[in-house]
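Q: Before anything else, here's the structure in question.
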Amino acid sequence: KQEVTQIPAALSVPEGENLVLNCSFTDSAIYNLQWFRQDPGKGLTSLLLIQSSQREQTSGRLNASLDKSSGRSTLYIAASQPGDSATYLCAVLYSGGGADGLTFGKGTHLIIQP
Amino acid sequence: GAGVSQSPSNKVTEKGKDVELRCDPISGHTALYWYRQSLGQGLEFLIYFQGNSAPDKSGLPSDRFSAERTGGSVSTLTIQRTQQEDSAVYLCASRFAGGGETQYFGPGTRLLVL
């Protein structure tokens, strides 16, 4: 069974710090990897999508890297702000064409202290 | 609306009753997905539709679960004879099959079975 693991499960840091969230997956034959953000009582917002042939993607203060051979991805958040507080989910797609759903990790619950 | 919508947003039901959950995907998105998010279990893929067809229903948790999609748009997820373990947030996502793999999620339906 394909598994996605996220570490840490929870993280609390003061505002302004840079931080790294980790994601690992057991089967390296992925099609792509996505990072999502989930706010309480709301759906998921896609932050970054990395294709299997790519090494990283950047959007604003967010940078996601992918090392397919080692089965790892990291999400780097620079200069964290209280508005970044949310649960961050890593998800892997194992085949293109969309016939399979995403396999999700259980998330990292992030709190940025003002 | 511009995004994926789901109804109801919350549903409380008694054990043994049937419930029907609805998803309206983004206009023009031919691919539609249902996921379930349970406490402590993370997000679990249930079923995928391409148009009105669901090629693989093996992700549905039991034969009490069924889903259909009509007109290539609205989808309904039906749970018959609900059990307490069905309590979860049910999320729907849609994707434009013609380009990109990003799935766009709705806000979810929070189901509580008493």
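Read top to bottom, the protein sequences are chains A and U.
For what it's worth, my numbering labels the leading residue of the first sequence as 6, then goes sequentially.
For what it's worth, my numbering labels the leading residue of the second sequence as 3, then goes sequentially.
Ideal Cβ placement from N, Cα and C applies to all residues, glycine included.
1) So that I know if they touch, is there some Cβ in chain A lying closer than 9 Å to that of R6 (chain U)?
2) Excluding five sequence neighbours on each side, which residues of the same chain lie with their C-beta closer than 7 Å to the C-beta of S2 (chain U)?
3) Indicate the three-state DSSP secondary structure (helix, strand or coil) for Q39 (chain A) in the structure shown.
4) Can you check whether the CB of Y106 (chain U) is closer than 9 Å to the CB of W36 (chain U)?
5) Please list, in chain order, the chain A residues whose beta carbon lies closer than 7 Å to that of P109 (chain U).
6) Just the C-alpha distance for T80 (chain U) and A83 (chain A), rounded to the nearest angstrom, thanks.
7) L24 (chain A) and Y99 (chain A) - do their beta-carbons sit closer together than 9 Å?
8) Specify, as a first and last residue, the run of the beta strand (DSSP E) that P19 (chain A) falls within.
9) Assuming the contact rule is C-beta atoms closer than 8 Å, S85 (chain A) and E22 (chain A) should be a hit. Round their C-beta distance to whole Å, please.
10) Taking the straight line between their C-alpha atoms, what separation do you get for T31 (chain A) and Q11 (chain A)?
11) Near D89 (chain A), which residues of its chain fall below 7 Å by C-beta distance, leaving aside the five closest residues on each side in sequence?
12) Helix, strand or coil: which one does DSSP assign to E70 (chain U)?
13) Would you kindly report the start and end of the unbroken beta strand (DSSP E) that includes V115 (chain U)?
14) Measuring alpha carbon to alpha carbon, tell me which residue in U:E103, U:L116 and U:L113 is nearest Q39 (chain A).
15) Since I believe T92 (chain A) is in contact with Q43 (chain A) (beta carbons under 8 Å), could you give me their beta-carbon distance rounded to a whole number of angstroms?
16) Provide the residue(s) that pair with E22 (chain U) in DSSP beta bridges, ordered along the chain.
17) Have a look at A:L52, A:A14 and A:D72 and flag the residue whose alpha-carbon is nearest the alpha-carbon of G65 (chain A).
18) Helix, strand or coil: which one does DSSP assign to E22 (chain A)?
19) Run through DSSP, which three-state label would E8 (chain A) get?
20) So is S96 (chain U) buried or exposed if we call it buried at 16+ other beta carbons inside 10 Å?
21) Would you say L114 (chain U) reaches chain C, if we count a Cβ-Cβ gap shorter than 9 Å as a contact?
A: Checking against the coordinates, here is how it stands:
1) One detail in the question is off: residue 6 (chain U) reads as Val in this sequence, not Arg. Yes, its Cβ sits closer than 9 Å to a Cβ of chain A.
2) A query on residue 2 (chain U) cannot be resolved here, the shown segment of chain U reaching from 3 to 116 and no further.
3) strand
4) With a cutoff of 9 Å on beta-carbon distance, W36 (chain U) and Y106 (chain U) are scored as not near each other.
5) Neighbours of P109 (chain U) in chain A, taken as residues at a C-beta separation under 7 Å, are given in chain order as K47 and G48.
6) Cα to Cα, T80 (chain U) sits roughly 43 Å from A83 (chain A).
7) No, they are not a contact pair.
8) A15 to P19
9) 5 Å
10) 12 Å
11) I82, L115 and I117
12) strand
13) T111 to V115
14) U:E103
15) 5 Å
16) U:T80
17) A:L52
18) coil
19) Correct three-state label for E8 (chain A): coil.
20) buried
21) Going by chain labels, chain C is absent from the structure shown, which instead holds the protein chains A and U.
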